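Peer 1:
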Amino acid sequence: MAQLTDWSERVKHLRDPNPTVAVSKAYQDIVVAIVLAAQRAGISTPQDPATALAQLVESEKVPHQAATMFATLADAHSRAVAREAEPSPEEAGDYERYASTLVQTMNGVH
């Protein structure tokens, strides 16, 4: 899994100057973290990361807020990829922080 940069550094600069790419990278980070967390928790990993996350929430391995944050990030990623709505740099920064928080949460799953 790609190493995330320090949070304070991320606030100053997005991981990519293109907000759509930044959101996409943030989404990819959390998808990988969810799959790895599910594997560590002994949950058979479905193809859909949202389902894996739901199973982690159900088993009380992660808080319910993680599902909400992931849904927000997944929606932003879908809209950006479909070119329905390009995120602003500020929104991209918010989504990167969501991903960073979620990755930290997933890394704590055993």
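In the working numbering, the protein residues as written are 23 to 132.
Note that beta-carbon positions come from the ideal geometry of N, C-alpha and C, so glycine has one too.
Just so you know, these numbers come straight off a predicted model, no measurement behind them.
1. For a quick check, are the C-beta atoms of I56 and P39 less than 7 Å apart?
2. What residue ranges within the stretch 49 to 93 form continuous alpha helix (DSSP H) runs of no fewer than 4 residues, ordered along the chain?
3. Using a Cβ-Cβ cutoff of less than 6 Å, which residues in the same chain neighbour Y120 once the five nearest sequence positions on both sides are dropped?
4. Within 10 angstroms of the Cβ of V125, are there 16 or more other Cβ atoms? Answer buried if so, exposed if not.
5. Does the Cβ of E80 have 16 or more other Cβ atoms within 10 Å, making it buried, or fewer, making it exposed?
6. Closer than 7 Å by C-beta to Q25: which residues in its own chain qualify, once you throw out the five before and the five after it? Chain order, please.
7. Just to confirm, is the Cβ distance from V45 to A98 under 7 Å?
8. Are the Cβ atoms of V131 and A59 separated by less than 7 Å?
9. Figure out for me which residue from T127, V43, A63 has the closest Cα to the Cα of H133.
10. Using CA coordinates, which residue listed in K83, P111, A76 is at the minimum distance from A93?
Peer 2: Reading it off the structure:
1. Within the sequence shown, the letter at position 34 stands for residue 56. Within the sequence shown, the letter at position 17 stands for residue 39. P39 is positioned such that its CB atom lies no closer than 7 Å to that of I56.
2. 71 to 80
3. The count along the sequence shown starts at 1 and reaches residue 120 at position 98. Around Y120: M91, L95.
4. Counting from one through the sequence shown, the residue named residue 125 turns up at place 103. It counts as buried.
5. Indexing the sequence shown from 1 puts residue 80 at position 58. Label assigned to E80: exposed.
6. In the sequence shown, counting from the first residue as 1, residue 25 sits at position 3. Model confidence at Q25 stands at a pLDDT of 40, short of 50, so the residue's coordinates are unreliable; what they give is reported in the following sentence. Taken in chain order, the list of residues that qualify is empty.
7. Taking the first residue of the sequence shown as position 1, residue 45 is located at position 23. Taking the first residue of the sequence shown as position 1, residue 98 is located at position 76. The answer is yes: Cβ separation under 7 Å.
8. Working through the sequence shown from its first residue, we reach residue 131 at position 109. Working through the sequence shown from its first residue, we reach residue 59 at position 37. It is a contact, given that the beta carbons lie within the stated cut-off.
9. As displayed, the chain neither begins before 23 nor continues past 132, which places residue 133 out of reach and without an answer.
10. What you label residue 93 is simply residue 71 of the sequence shown in a count that begins at 1. Taking only the C-alpha atoms, the option nearest A93 is A76.
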